[in-house]
Amino acid sequence: MFAKQFPNDAEPFRGLFTLQQLRATSDDVEWQVIAPLPWMPRWLAAVLRRQYVTGAPVVDGVTVERPRYPVLPKRTLYTTVAPLMAAASRGAFDRIRLSHRPQFVHAHAIYPAASAARKLIGSDPVPLIVSVHGSDLHTNLVRPAWAREVRRTLASAAAVICVSNALADEVRELDCVDSGRVVVIPNAVDVSRFAYIPRDPHDGPVRLVSVGNLVPVKGHDILLRGLAVAVREGLDATLDLVGGGPQLDWLRSIAASEGIADRVTFLGPLCGDDLVAALARADAFVLASRREGFGVAIVEALATGLPVLATRSGGPEDIVGDADGILVAPNDPREIARGLMQLVRNLAGFDVRAIAERAAERYSPDRVGAMLVSVYCSVVNAASETGRHHG
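Okay, here's the thing in structure tokens:
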């Protein structure tokens with residue numbers, strides 16, 4: 026596995042989905058992991074008030090190589106990142122190739138990780154499997170040079186795994202990879218941690234919760250304005266907003282200017298049991314993303330039995346059915362307000378235990394792991410057939 030997004034000592038929940046996939050397939054796959062880290066001197070990390078990232082050499086009994094590659098902030102000289110990542114990872118890759126003779130490389134995120142993996146493989150007959158998660162596609166199509174590298178990397182892949190049908194359609198529309206090589210496999214969720222939580226009826230306002238980084242794509246500004254509209258129309262609700270990011274002060278100002286500051290609590294970033302506790306306090310979950318490749322936070326909420334309001338922004342359309350909640354148009358506060366009013370009116374009608382059971386069945390590590398192993402076997406078998414014919 027080659028993944029820049031992988032948990033480390035300073036960021037134990039970074040790219041947790043990659044570790045979950047490793048765990049879900051470990052009975053069938055003997056993994057070796059390369060998880061490159063951006064290089065930053067300790068003194069600079071201190072000046073910038075960033076954690077100096079390290080990482081355990083063994084995670085869940087699997088060796089994890091963590092080569093360091095130089096990178097400039099704000100995507101400066103961005104086209105050099107994948108070559109530099111590949112160069113930094115060359116030693117680790119060659120050691121693994123010689124000692125374990127890998128049958129495939131599964132790289133997470135098109136650029137820079139999968140692009141670097143493509144460069145490392147070179148002319149070797151080792152098939153590359155690329156997982157596309159959303160932002161790694163959307164943000165890397167904005168400049169021609171970046172988009173060309175995205176297309177080259179996808180074209181070289183034996184299989185392209187997309188986390189939603191909407192994302193798979195976008196990949197196919199690039200017309201650089203055979204449609205048959207594009208498959209949809211959702212992210213797995215730890216359904217032992219995010220499990221059904223019985224919630225007792227209570228007096229007072231409906232308690233809403235939203236989880237997501239405080240960045241533009243998550244649409245928290247739209248959510249706050251929509252909540253304000255709904256409150257003016259008679260909705261009695263509060264909102265716990267979980268997440269950190271650069272928009273915190275601006276979002277606080279929106280809540281204040283809309284007259285709902287006393288209804289909104291900014292909880293900051295939470296994870297693990299703290300996140301479960303925040304979900305347990307809520308009656309419903311809402312996410313107003315402008316664009317969403319998948320929606321792990323939605324699945325985690327559903328798995329605890331929360332009805333959901335989400336936007337038709339890509340991934341949520343695969344996740345939220347009529348029995349799970351409501352979907353509305355993105356980027357429209359009035360749509361959020363309408364959805365909130367409808368969701369709250371219908372709260373008593375949702376079978377919350379069935380919501381949790383559906384999420385656990387669809388997104389359990391066992392189910393997702395079996396889907397991944399099926400792709401791995403198909404790719405390895407096809408590579409073996411090709412080798413025999415060429416031999």
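Here the sequence shown is numbered in the numbering used here, starting from 26 and rising by one per residue.
Even for Gly, the Cβ is constructed at its ideal location relative to N, Cα and C.
None of the values given here were measured: they were computed from a predicted structure.
Ends of the alpha helix (DSSP H) at residue i?
i, result
"Asp265", "No alpha helix (DSSP H) contains Asp265, which is instead part of the beta strand (DSSP E) from 262–267."
"Tyr388", "377–388"
"Trp275", "273–282"
"Val301", "297–305"
"Thr43", "41–50"
"Val209", "Element bounds for Val209: not the alpha helix (DSSP H) but the beta strand (DSSP E), 207–209."
Considering only the alpha carbon of each residue, which of the options lies closest to residue i?
i, options, result
"Val311", "Gln272, Gly251, Asp274", "Gly251"
"Glu360", "Leu327, Leu334, Trp171", "Leu334"
"Asp376", "Thr411, Ser124, Asp308, Thr43", "Asp308"
"Met396", "Leu260, Val188, Asp225", "Val188"
"Ser51", "Ala407, Ser403, Pro390, Asp261", "Pro390"
"Met26", "Asp53, Ala35, Gly86, Ile154", "Ile154"
"Pro241", "Gly268, Glu258, Asp261", "Gly268"
"Arg218", "Gly147, Gly297, Glu198, Ala141", "Gly297"
"Ile210", "Pro98, Leu192, Ala280, Arg363", "Leu192"
"Ile285", "Pro341, Asp261, Val301, Asp53", "Asp261"
"Asn190", "Ser204, Val167, Thr178", "Ser204"
"Asp53", "Cys402, Glu382, Arg206", "Cys402"
"Ala180", "Arg168, Arg206, Val216", "Arg206"
"Ile121", "Val167, Arg100, Ala138, Glu55", "Glu55"
"Leu300", "Asp274, Asp265, Pro332, Leu273", "Asp265"
"Tyr221", "Pro332, Ser409, Val400", "Pro332"
"Pro358", "Asp194, Pro223, Ile279, Arg115", "Ile279"
"Pro223", "Asp200, Leu102, Ala302", "Ala302"
"Val167", "Asn356, Glu410, Arg100", "Arg100"
I'd like the span of the beta strand (DSSP E) that includes residue i, first residue to last.
i, result
"Ser156", "153–157"
"Ile222", "Element bounds for Ile222: n/a, residue is neither H nor E."
"Phe118", "Not the beta strand (DSSP E): Phe118 falls in the alpha helix (DSSP H), residues 106–125."
"Leu292", "289–293"
"Arg257", "Counting along the chain, Arg257 falls outside any beta strand (DSSP E), though it belongs to the alpha helix (DSSP H) covering 245–257."
"Trp64", "62–64"
"Leu233", "231–236"
"Arg93", "93–95"
"His131", "130–133"
"Val87", "87–90"
Are the C-beta atoms of residue i and some chain D residue less than 9 Å apart?
i, result
"Ser217", "Chain labels in this structure do not include chain D; a single protein chain is all it has."
Who are the near neighbours of residue i in its chain, counting only those whose CB is closer than 6 Å to its CB and skipping five residues on each side?
i, result
"Ala170", "Thr104"
"Val96", "Pro63, Val106"
"Glu90", "Ile59, Ala117"
"Ile380", "Leu327, Gly330, Asp349"
"Ser314", "Lys243, Gly244, Thr336, Ser338"
"Lys144", "Ala111"
"Ala255", "Ala362, Leu365, Met366"
Excluding the 5 residues flanking residue i on each side, which residues of the same chain have their C-beta closer than 8 Å to its C-beta?
i, result
"Ala134", "Ala28, Lys29, Gln30, Ser156, Val157, His158, Asp161"
"Asn165", "Ile135, Tyr136, Trp171, Ala172, Glu174, Val175"
"Arg93", "Pro61, Leu62, Pro63, Trp64, Ala113"
"Thr263", "Pro230, Val231, Arg232, Leu233, Arg288, Val289, Thr290"
"Ala354", "Thr336, Arg337, Glu360"
"Asp85", "Leu44, Leu47, Arg48, Ser51"
"Glu258", "Ala362, Met366"
"Ala281", "none"
"Ala407", "Pro152, Ala183"
"Asp149", "Arg122"
"Pro108", "Ala141, Lys144"
"Leu199", "Val175, Arg176, Leu179"
Can you round the beta-carbon distance between residue i and residue j to whole angstroms, since I take them to be within the 8 Å contact cut?
i, j, result
"Val393", "Ala49", "6 Å"
"Gly346", "Arg316", "21 Å between Cβ atoms; not a contact."
"Val196", "Val185", "6 Å"
"Val151", "Ala182", "Not a contact, Cβ separation roughly 12 Å."
"Leu276", "Asp228", "Contact doesn't hold; Cβ gap of about 28 Å is too wide."
"Pro271", "Leu292", "Going by Cβ atoms, the distance from Pro271 to Leu292 rounds to 17 Å, so no, they are not a contact pair."
"Gly237", "Ala322", "6 Å"
"Phe129", "Val398", "Not confirmed; about 11 Å, so no contact."
"Asn212", "Phe319", "5 Å"
"Ser140", "Thr178", "5 Å"
"His163", "Gln57", "That belief does not hold up - the Cβ atoms of His163 and Gln57 are roughly 30 Å apart, past 8 Å."
Who are the Cβ neighbours of residue i in its own chain at under 7 Å, not counting the five residues just before and after it?
i, result
"Val324", "Val214, Ile344, Ala384, Tyr388"
"Leu41", "Pro32"
"Pro82", "Thr88, Val89"
"Glu283", "Leu249, Arg250, Ala253"
"Asn3", "The displayed coordinates of the chain run from 26 to 416. Any statement about residue 3 would go beyond what the structure contains."
"Ala142", "Phe27, Val130, Ala132, Leu153"
"Ile146", "Val130, Leu153"
Please find out if some non-hydrogen atom of the ligand ADP comes closer than 8 Å to the beta-carbon of residue i.
i, result
"Gly237", "Among the components modelled here there is no ligand, and therefore nothing to report on the ligand ADP."
Along the chain, which unbroken stretches of the beta strand (DSSP E) at least 3 residues long are found entirely within the stretch 137–200? 153–157, 184–187
Quick check for students: name the residue ranges of the beta strand (DSSP E) that lie wholly in the stretch 310–383, counting only runs of 3 or more. 333–336, 350–353
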